[in-house]
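FYI, in the working numbering the residues of the sequence shown are 2 to 216.
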Amino acid sequence: MDYAALKVAVEDAVENTFSSVDFATMTRLAEQKIYNTVQLPVVRKNVTGTLTSGNQYLALPLDFLSVCSLAVVASGSYVYLLNKDVNFIRESYPNPAATGTPKYYALFGPNSSNPLEQTALLGPTPNAALSTELHYFGYPESIVTAGSTWLGENFESVLVNAVLVEAARFMKAEQDIVQLYTGQFNDSILLLKNLGDAKNRMDAYRSGQVRNPVK
């Protein structure tokens, strides 16, 4: 299902038409809800970079949400950094001029020159221009601009039901209608969670197949 088909399906269901701006807003809100409910591979991204010797800060991508893993490449080998608090790094490495191969990182906050850019604090301060590899979580491109996305092509039921909930709120629909669409969304998101939070998050050889708990 592409974006045009999504708009037709939602408008037919609610028997109403929406402006392009309003429908785009509803769709983005629905996508955000889905991507923050289920851990899907499509929200995992990868970027490589290079540290600056003597600079204890590492700029993070503008679409960065959270870290999956951060590694530096030292002597040809990957060294995965441990996530710590800023105060841990400040206390462990009180002198920023003391350098070495980083072992830890902490999410420091926005870059003062660009409030939208997050930075990581490294400890100790890098002693060389080491390569980095960051796996992180970030929203994929919206179906609003992409036209077609993994979610629309593979789990349109979740996307349609999520947008229907937003459409009902937008139209100030009766409470029973909102509850109906919310229930349909909850049913469909369970199917997606079975994929994203179960099948995609386990090793079938070591963990076995997905099992429902016995009550």
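Built from N, CA and C at the ideal position, the CB exists for glycine as well.
Count the other C-beta atoms from every protein chain shown that fall within 10 angstroms of the C-beta of residue i, then say buried if there are 16 or more, exposed otherwise.
{"i": "residue 5", "result": "exposed"}
{"i": "residue 120", "result": "buried"}
{"i": "residue 103", "result": "buried"}
{"i": "residue 162", "result": "buried"}
{"i": "residue 184", "result": "exposed"}
{"i": "residue 124", "result": "buried"}
{"i": "residue 41", "result": "buried"}
Residue i by DSSP, collapsed to three states: which one?
{"i": "residue 40", "result": "coil"}
{"i": "residue 148", "result": "coil"}
{"i": "residue 138", "result": "strand"}
{"i": "residue 195", "result": "helix"}
{"i": "residue 215", "result": "For residue 215, the predicted structure reports a pLDDT of 45, less than 50, and the residue's modelled location is therefore unreliable. The matter cannot be settled from this model."}
{"i": "residue 26", "result": "helix"}
{"i": "residue 58", "result": "strand"}
{"i": "residue 158", "result": "helix"}
{"i": "residue 21", "result": "helix"}
{"i": "residue 206", "result": "Interpretation of residue 206 is limited by its pLDDT of 47, a score under 50 that renders its predicted location unreliable; no figure is taken from the coordinates."}
{"i": "residue 183", "result": "helix"}
{"i": "residue 143", "result": "coil"}
Excluding five sequence neighbours on each side, which residues of the same chain lie with their C-beta closer than 7 Å to the C-beta of residue i?
{"i": "residue 1", "result": "Only positions 2 to 216 of the chain appear in this structure, which leaves residue 1 out of reach."}
{"i": "residue 44", "result": "36, 138, 139, 140 and 141"}
Just grab the DSSP bridge partners of residue i for me.
{"i": "residue 33", "result": "BP columns for residue 33 are empty, so no partner."}
{"i": "residue 119", "result": "111"}
{"i": "residue 81", "result": "72"}
{"i": "residue 101", "result": "127"}
{"i": "residue 48", "result": "135"}
{"i": "residue 67", "result": "138"}
{"i": "residue 106", "result": "84 and 123"}
Please determine, among the options, the residue with the shortest C-alpha to C-alpha distance to residue i.
{"i": "residue 166", "options": "189, 145 and 70", "result": "189"}
{"i": "residue 139", "options": "9, 33 and 7", "result": "33"}
{"i": "residue 122", "options": "27, 187, 56 and 9", "result": "56"}
{"i": "residue 49", "options": "174, 134 and 97", "result": "134"}
{"i": "residue 71", "options": "83, 16, 20 and 124", "result": "83"}
{"i": "residue 13", "options": "169, 196, 195 and 127", "result": "169"}
{"i": "residue 107", "options": "87, 100, 173 and 91", "result": "87"}
{"i": "residue 64", "options": "143, 24, 173 and 171", "result": "143"}
{"i": "residue 67", "options": "109, 176 and 196", "result": "109"}
{"i": "residue 89", "options": "158, 69 and 105", "result": "105"}
{"i": "residue 95", "options": "151, 19, 149 and 126", "result": "126"}
Go through its chain and collect everything with a Cβ distance to residue i's Cβ below 6 Å, but skip five positions before and after it.
{"i": "residue 156", "result": "193"}
{"i": "residue 47", "result": "136"}
{"i": "residue 24", "result": "8"}
Give me, in chain order, the residues of the same chain whose beta-carbon lies closer than 8 Å to that of residue i; leave out the 5 immediate sequence neighbours on both sides.
{"i": "residue 51", "result": "130, 131, 132 and 133"}
{"i": "residue 30", "result": "167"}
{"i": "residue 74", "result": "80, 131, 132, 133 and 134"}
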